[in-house]
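In this note's numbering, the protein residues as written are 6 to 133. Notes for the one structure printed next.
See below:
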């Protein structure tokens, strides 16, 4: 798989998340996916994402940058959203916040197998 092909799969994955098309998630995410070294499996990963959308009803993943070097993808995602309560231990409580996430993915068999994610919590704190 080329870097361009892998980046296209990643963009389609992000579109799937933004549609909240949970039945299609398995086309992009490996059955044995892990997030920040925690093995979740596809069902656990889906549950994590569904919880994110419950806590942040206007959640939308916006790609600012994507770099693909198979089997890895690195991305900077931008969020402008309104968490309904506590987010990352911060009492956001319906205030609109803007922040970025730096995330690295490892693909296996054309699907996301490992995810390493860091959210810019300091950016949120500065807005509160």
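For each residue, glycine too, the CB sits at the ideal point set by N, CA and C. Treat the numbers as computed from the prediction; the structure is a model and nothing was measured.
Taking the continuous alpha helix (DSSP H) assigned at residue i, which residues delimit it?
{"i": "residue 56", "result": "46-60"}
{"i": "residue 9", "result": "8-24"}
Quick one, which of the options has its alpha-carbon nearest residue i's?
{"i": "residue 8", "options": "56, 48, 110", "result": "110"}
{"i": "residue 66", "options": "54, 76, 72, 75", "result": "54"}
{"i": "residue 64", "options": "74, 43, 47, 82", "result": "82"}
{"i": "residue 106", "options": "36, 132, 126, 61", "result": "126"}
Using C-beta distances below 8 Å, list every residue in its chain close to residue i, excluding the 5 sequence neighbours before and after it, in chain order.
{"i": "residue 91", "result": "97, 98"}
{"i": "residue 78", "result": "11, 12, 15, 71, 72, 109, 110, 112"}
{"i": "residue 60", "result": "88, 89, 90, 92"}
In the DSSP assignment, find the unbroken beta strand (DSSP E) run with residue i in it and report its ends.
{"i": "residue 78", "result": "77-86"}
{"i": "residue 120", "result": "116-124"}
{"i": "residue 112", "result": "102-113"}
{"i": "residue 36", "result": "34-40"}
Excluding sequence positions up to five away, which residues of its chain have a Cβ less than 6 Å from the Cβ of residue i?
{"i": "residue 103", "result": "85"}
{"i": "residue 128", "result": "104"}
Got a sec? Which residues, its chain only, sit under 7 Å from residue i by beta carbon, not counting five neighbours each side?
{"i": "residue 36", "result": "46, 47"}
Report buried or exposed for residue i, applying the criterion of at least 16 other Cβ atoms within 10 angstroms of its Cβ.
{"i": "residue 30", "result": "buried"}
{"i": "residue 123", "result": "exposed"}
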